[in-house]
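Engineer:
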Amino acid sequence: MGGAALNPGVGQEAGQTARTVVEALKSTPALLALVIFNVLFMGMVVYIQHTNGERWQTLLTTMLQQCGPH
3 MGGAALNPGV
13 GQEAGQTART
23 VVEALKSTPA
33 LLALVIFNVL
43 FMGMVVYIQH
53 TNGERWQTLL
63 TTMLQQCGPH
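Residue numbers for the sequence shown follow our numbering, beginning at 3 and rising by one.
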């Protein structure tokens, strides 16, 4: 009675849920387009924030090197 016996059921349930979601989205293309747009938008925001953080880190490092005690 270990956890391994539960794994096939979990996989089957996840697969059935994924199939149900895909079937529901097939019937409403506008909703599918909205979901895809939101996923792409969130990815773009994460990328922009990441590159902005790198830019600020570089700027701070440069300022500390130039303005710090020599």
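From the three backbone atoms N, C-alpha and C, an ideal C-beta is built for every residue, glycine too.
Since the model is a prediction, treat every value here as computed from it, not as a measurement.
(1) Please classify M3: is it buried, with 16 or more other beta-carbons within 10 angstroms of its beta-carbon, or exposed?
(2) Assuming contact is defined by CB atoms lying nearer than 9 Å, are L42 and L34 in contact in what I supplied?
(3) Work out the CA separation of L61 and H52 for me, nearest whole Å.
(4) Considering only residues of the same chain and omitting the five flanking positions on each side of P71, which have a CB-CB separation below 7 Å?
Structural biologist: Looking at the coordinates:
(1) In this prediction, M3 has a pLDDT of 48, which is less than 50 and means its spatial position is unreliable; what the coordinates show is noted afterwards. Counting Cβ neighbours within 10 Å, M3 comes out exposed, since fewer than 16 surround it.
(2) no
(3) Distance between the alpha carbons of H52 and L61: 14 Å.
(4) none
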